[in-house]
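There are 2 protein chains.
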Amino acid sequence: MHNIQVQLAKQPDGNPKASDFQVVKTDIPKVADGQFLARNIYLSLDPYMRGAIAGRHMGHQRLNQGDVIYGRCVAEVMESKHKDYKAGDHVVLEAGWQQFYVSGGEAADEIRKIDASIAPLSANIGALGMPGLTGWAGVEKLANPALGSTFVVSAAAGPVGGTAGQIAKAKGCRAVGIAGSDEKCRIVVNEYGFDACVNYKNKNWADELKAACPNGVDTYFDNVGGPMLDTITQQLNLYGKIIMCGLVSQYNRATDGAFHGHNMGPFVGKRAQLLGLVVYDYYAKMNEFMKAAVPLVNAGKLKFHEDRAEGIEKAPDHFVKLMNGQNNGKALVIIAPEKA
Amino acid sequence: MHNIQVQLAKQPDGNPKASDFQVVKTDIPKVADGQFLARNIYLSLDPYMRGAIAGRHMGHQRLNQGDVIYGRCVAEVMESKHKDYKAGDHVVLEAGWQQFYVSGGEAADEIRKIDASIAPLSANIGALGMPGLTGWAGVEKLANPALGSTFVVSAAAGPVGGTAGQIAKAKGCRAVGIAGSDEKCRIVVNEYGFDACVNYKNKNWADELKAACPNGVDTYFDNVGGPMLDTITQQLNLYGKIIMCGLVSQYNRATDGAFHGHNMGPFVGKRAQLLGLVVYDYYAKMNEFMKAAVPLVNAGKLKFHEDRAEGIEKAPDHFVKLMNGQNNGKALVIIAPEKA
Chain R
300 MHNIQVQLAK
310 QPDGNPKASD
320 FQVVKTDIPK
330 VADGQFLARN
340 IYLSLDPYMR
350 GAIAGRHMGH
360 QRLNQGDVIY
370 GRCVAEVMES
380 KHKDYKAGDH
390 VVLEAGWQQF
400 YVSGGEAADE
410 IRKIDASIAP
420 LSANIGALGM
430 PGLTGWAGVE
440 KLANPALGST
450 FVVSAAAGPV
460 GGTAGQIAKA
470 KGCRAVGIAG
480 SDEKCRIVVN
490 EYGFDACVNY
500 KNKNWADELK
510 AACPNGVDTY
520 FDNVGGPMLD
530 TITQQLNLYG
540 KIIMCGLVSQ
550 YNRATDGAFH
560 GHNMGPFVGK
570 RAQLLGLVVY
580 DYYAKMNEFM
590 KAAVPLVNAG
600 KLKFHEDRAE
610 GIEKAPDHFV
620 KLMNGQNNGK
630 ALVIIAPEKA
Chain Y
300 MHNIQVQLAK
310 QPDGNPKASD
320 FQVVKTDIPK
330 VADGQFLARN
340 IYLSLDPYMR
350 GAIAGRHMGH
360 QRLNQGDVIY
370 GRCVAEVMES
380 KHKDYKAGDH
390 VVLEAGWQQF
400 YVSGGEAADE
410 IRKIDASIAP
420 LSANIGALGM
430 PGLTGWAGVE
440 KLANPALGST
450 FVVSAAAGPV
460 GGTAGQIAKA
470 KGCRAVGIAG
480 SDEKCRIVVN
490 EYGFDACVNY
500 KNKNWADELK
510 AACPNGVDTY
520 FDNVGGPMLD
530 TITQQLNLYG
540 KIIMCGLVSQ
550 YNRATDGAFH
560 GHNMGPFVGK
570 RAQLLGLVVY
580 DYYAKMNEFM
590 KAAVPLVNAG
600 KLKFHEDRAE
610 GIEKAPDHFV
620 KLMNGQNNGK
630 ALVIIAPEKA
């Protein structure tokens with residue numbers, strides 16, 4: 300039995316290409332005392348990986364040629380010599396883009412046991428995983444949007460934006476999404492239940508947003524950064540909040556490449572409150588998040604839409620698609636069937 | 300008796316020059332029913348005026364050739380046919396750069412009666428006027444800095460920064476100023492009583508700031524914007540606050556000229572809280588501010604340093620000096636003696 304893994308072939312220059320990656324067959328390490336063997340089932344693909352590969356994302360060293368690409372997986376423990384894990388346990392862990400991973404339970408592996416009975420396994424890397432926690436934390440711990448206020452979120456079809464908007468909606472806000480295709484907007488409105496969604500590729504998207512927010516924008520949950528932030532700031536109400544979560548419009552730039560620079564003047568004029576969000580700060584609140592989110596899932600008020608590719612060797616193409624905004628919903632790779 | 304006023308000769312291009320202004324002798328309008336005549340004593344010079352002249356500052360229309368320059372004065376009522384004001388009253392009002400002004404008491408004149416017994420008259424356009432209110436509001440209403448935390452403020456020798464730092468110090472913070480000359484730093488430390496002050500014109504100023512803030516920066520009250528903001532953000536503690544008050548480094552740019560664009564990434568990484576401050580929102584709290592500030596003045600804990608020029612015709616040169624950072628403390632023009 301072998302392990303197939305995806306390694307870095309060379310550092311991407313700007314938008315990543317499939318040829319920046321290499322698919323390699325390796326041996327599976329033996330499980331020593333204090334270790335367990337994880338069989339990876341689903342691999343999460345997320346925009347932050349672009350920065351992580353380049354060493355621009357906190358806690359991630361720049362990868363060299365031959366390094367396994369960073370990535371979080373839903374996995375099943377196959378064999379264990381570790382006291383805390385037993386065969387059959389399901390976990391989410393930082394296992395990289397590969398079929399198998401041997402862990403010693405180190406903190407860096409960020410292992411979290413999951414309960415396969417509460418939701419589909421794959422939700423644990425999406426709406427009920429780190430992306431969902433991100434959306435929840437931005438709404439509940441930073442924005443705290445008022446009942447009846449207007450909550451706008453970009454990358455709304457994705458698991459961070461989709462969860463953020465659905466949680467804001469559950470708290471009595473008007474939820475308005477921004478996404479990059481009509482199909483994404485359909486998911487946002489028809490599946491996630493947002494009040495409206497604007498396709499920012501439309502020439503008049505700013506006017507469409509204005510029409511969708513008749514009382515102005517009270518909160519903007521920003522996953523995108525760049526010129527879109529400047530445009531939405533013009534529609535922000537006085538003292539409006541901007542949750543600075545992601546800058547996906549800026550992630551594909553080459554190392555030390557130019558970023559979109561923001562004029563701070565309009566933020567002052569709006570008396571804006573810009574609040575930086577890093578999900579790592581909220582790991583300890585995972586249980587609090589689940590207490591809020593699981594009932595919403597059960598009530599059909601927190602939905603998720605997945606964009607799946609099958610086979611670990613498809614991960615590079617699927618990641619390229621994600622980084623070009625061509626995914627619809629949470630991007631993941633099926634590495635193996637749920638039942639071995 | 301004539302009135303001497305300073306008008307716009309032509310819109311400044313970049314840094315203002317004295318030749319952008321013209322000094323003109325006019326008649327004093329007759330005082331009609333419902334009006335009063337103000338004899339201007341002190342004219343306040345403030346960086347926001349640069350934007351106001353160009354129509355880039357909220358509530359101020361772009362000036363045309365021949366328009367009197369915007370400006371707030373301490374004045375004495377000489378003659379009154381207005382029920383709310385009588386001869387001998389002292390007021391602060393938007394009277395423009397001139398010796399005399401006839402007001403109908405309109406809201407746009409922003410008239411505030413002042414008590415000549417509580418502090419020197421000129422303080423009412425400085426530490427006890429709008430600049431002081433700005434500093435106080437940023438500290439008390441937005442930053443709310445913790446006891447023992449480190450509070451950094453730029454343009455610290457000026458009336459906004461100087462008041463902000465002294466109020467933060469009075470609240471038990473470590474107050475660290477940033478200013479553009481050794482003489483300004485001397486004022487900040489020796490007169491205002493800050494714990495330290497860094498001259499940003501020194502090549503190693505960022506290292507000096509680090510040494511002056513051994514526990515990092517908890518609050519940065521930003522009057523300057525531009526690259527200094529990026530440098531200080533590097534020294535901001537996690538969840539640190541940035542009060543976005545002024546952008547004086549950006550005010551001299553030509554109309555539609557390039558501004559310094561900020562990368563939002565570092566703000567996210569620091570989980571920064573950026574809060575926009577516009578003093579107009581706090582006019583209604585002037586009494587609350589005075590309740591806090593006057594006892595500080597009386598206790599010698601809120602000091603102010605003025606940079607005076609004498610004669611209204613000196614206003615253009617003195618403003619140019621201010622906009623080039625060559626003033627020391629609050630820039631004002633003595634238009635007339637306090638006692639007529």
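Protein chains in written order, with the numbering used here: chain R, 300 to 639; chain Y, 300 to 639.
Glycine included, every Cβ here is placed at the ideal spot set by N, Cα and C.
Closest by CA to V578 of chain Y, which one among Y:W435, Y:A317, Y:Y369? The shortest Cα separation from V578 of chain Y among Y:W435, Y:A317, Y:Y369 belongs to Y:W435.
**Prompt:** Which ranges would you report for the alpha helix (DSSP H) in the stretch 609-635 of chain Y if only whole runs of at least 4 residues count?
**Reply:** Here the runs fully enclosed are 614-622.
* To do: Using 10 angstroms around the beta-carbon of G365 of chain R, count the other beta-carbons present and answer buried if the total reaches 16, otherwise exposed.
  => Here G365 of chain R is exposed, its C-beta having fewer than 16 other C-beta atoms within 10 Å.
Which same chain residues, not among the five before or five after Q334 of chain R, have their C-beta less than 7 Å away from its C-beta?
Closer than 7 Å at the Cβ level, and outside the excluded window around Q334 of chain R, lie K380, H381, V401, S402, G403.
Quick check: is the beta carbon of A406 of chain Y nearer than 7 Å to any beta carbon in chain A?
No chain A is present in this structure, whose protein chains are R and Y.
> Is M543 of chain Y close to chain R, meaning its C-beta is less than 7 Å from at least one C-beta of that chain?
Replying inline: With 7 Å as the cut-off, M543 of chain Y counts as an interface residue toward chain R.
Hey, does R570 of chain R have any beta-carbon neighbour from chain Y nearer than 7 Å? Yes - at least one Cβ of chain Y is within 7 Å of the one on R570 of chain R.
Problem - Run of the beta strand (DSSP E) containing Y519 of chain Y, from where it starts to where it stops - result: According to the DSSP assignment, Y519 of chain Y belongs to the beta strand (DSSP E) that extends over 516-521.
Worksheet item: Do we get a CB-CB distance below 7 Å when we pair N562 of chain Y with the residues of chain R?
Response: Residue-level contact check: N562 of chain Y touches chain R, since one or more beta carbons of chain R fall below 7 Å from its beta carbon.
- Check whether the Cβ atoms of D606 of chain R and A630 of chain R lie closer than 7 Å to each other. Between D606 of chain R and A630 of chain R, the gap from beta carbon to beta carbon is short of 7 Å.
query: Which first and last residues belong to the beta strand (DSSP E) in which F320 of chain R is found?
result: 320-326 is the span of the beta strand (DSSP E), which, as asked, contains F320 of chain R.
Could you tell me which residues DSSP pairs with E409 of chain R in its beta bridges? Its beta-bridge partners do not exist; DSSP assigns none.
Report buried or exposed for Y369 of chain R, applying the criterion of at least 16 other Cβ atoms within 10 angstroms of its Cβ.
Its Cβ being crowded by 16 or more others within 10 Å, Y369 of chain R is buried.
message: Taking the alpha helix (DSSP H) that L432 of chain Y belongs to, which residues open and close that run?
response: DSSP places L432 of chain Y inside the alpha helix (DSSP H), whose first and last residues are 429-436.
Practice prompt. Answer yes or no: the CB of T449 of chain R versus the heavy atoms of the ligand ADP, is any distance below 6 Å?
Written response: The ligand ADP is not part of this structure, which contains no ligands at all.
Beta carbon of A297 of chain Y, beta carbon of R338 of chain Y: below 7 Å? Residue 297 of chain Y falls outside the range modelled here, since chain Y spans only 300 to 639, and no answer is possible.
Quiz item: Exposed or buried, L446 of chain Y, counting other C-beta atoms within 10 Å across all chains shown (16 or more means buried)?
Solution: L446 of chain Y comes out exposed.
inquiry  = What does the Cβ neighbour count give for Y538 of chain Y, buried or exposed, with the cut at 16 atoms within 10 Å?
reply    = Looking at its Cβ environment, which holds fewer than 16 other Cβ atoms inside 10 Å, Y538 of chain Y is exposed.
Have a look at Y:A571, Y:G564, Y:C472, Y:D616 and flag the residue whose alpha-carbon is nearest the alpha-carbon of M543 of chain Y. Of the candidates Y:A571, Y:G564, Y:C472, Y:D616, the one whose C-alpha sits nearest the C-alpha of M543 of chain Y is Y:A571.
| message | Just checking: is the beta-carbon of L574 of chain R within a distance shorter than 7 Å of some beta-carbon in chain Y? | response | Against chain Y, the CB of L574 of chain R has a partner CB under 7 Å away; the residue lies at that interface.
Practice item. Verify whether the separation of the beta carbon atoms of V497 of chain R and P346 of chain R is less than 7 Å. Key: For V497 of chain R and P346 of chain R, no; Cβs fall outside 7 Å.
Quiz item: How many angstroms separate the CA atom of S453 of chain R from the CA atom of N551 of chain R?
Solution: In this structure, the CA atom of S453 of chain R is about 17 Å from the CA atom of N551 of chain R.
- prompt: Residues in its own chain within less than 7 Å of H561 of chain Y by CB, not counting five upstream and five downstream?
  reply: Beyond the five residues adjoining it in sequence on each side, H561 of chain Y comes within less than 7 Å, by CB distance, of L528, D529 in the same chain, given in chain order.
(message) Which residues of the stretch 577-593 of chain R have a Cβ closer than 9 Å to any Cβ of chain Y? Give them in chain order.
(response) From the stretch 577-593 of chain R, only V577, D580 have a Cβ closer than 9 Å to chain Y.
Problem set entry | is_contact[G524 of chain R, chain Y] using C-beta, thresh 7 Å | Yes, because at least one Cβ of chain Y sits closer than 7 Å to the Cβ of G524 of chain R.
Original post:
What residues from chain Y crowd round M429 of chain R, counting only those whose CB sits closer than 8 Å?
Top reply: Below the 8 Å Cβ cutoff, chain Y contributes no neighbours of M429 of chain R, its closest Cβ being approximately 16 Å away.
Answer yes or no: does any C-beta atom of chain Y fall closer than 7 Å to that of L535 of chain R?
-> It does not: the Cβ of L535 of chain R has no partner Cβ on chain Y nearer than 7 Å.
- Task: Would you mind sorting A407 of chain Y into buried or exposed? The rule is 16 or more other CB atoms within 10 Å of its CB.
- Result: With a 10 Å radius around the Cβ and a threshold of 16 neighbouring Cβ atoms, A407 of chain Y comes out exposed.
Practice item. Quick one: which unbroken beta strand (DSSP E) runs of 3-plus residues sit fully inside the stretch 451-495 of chain R? Chain order, please. Key: If we require 3 residues or more, the beta strand (DSSP E) runs fully inside the stretch 451-495 of chain R come out as 473-478.
- Confirm, please, whether the CB-CB distance from E609 of chain Y to L420 of chain Y is below 7 Å. Going by C-beta atoms, L420 of chain Y is not nearer than 7 Å to E609 of chain Y.
With 16 other CB atoms within 10 Å as the buried threshold, where does Q360 of chain Y fall?
-> Here Q360 of chain Y is exposed, its C-beta having fewer than 16 other C-beta atoms within 10 Å.
Q. Between which two residues does the beta strand (DSSP E) carrying S402 of chain Y extend?
A. Its beta strand (DSSP E) spans residues 399-402.
**Item:** Bridge partner(s) assigned by DSSP for E606 of chain Y
**Value:** It is worth fixing the name first, because residue 606 of chain Y is Asp in this sequence and not Glu. The secondary-structure analysis by DSSP pairs D606 of chain Y across a beta bridge with Y:A630.
- C-alpha gap between Q306 of chain Y and N503 of chain Y, whole angstroms: The straight-line gap separating the alpha-carbon atoms of Q306 of chain Y and N503 of chain Y is approximately 41 Å.
*asked:* The alpha helix (DSSP H) that contains Q255 of chain Y, what's its start and end?
replied: Limits of chain Y in this structure are 300 at one end and 639 at the other, which puts residue 255 of chain Y out of reach.
Worksheet item: From V521 of chain Y to A467 of chain Y, what distance separates their C-alpha atoms?
Response: Correcting the residue identity first, residue 521 of chain Y is Asp in this sequence and not Val. One C-alpha to the other measures close to 14 Å.
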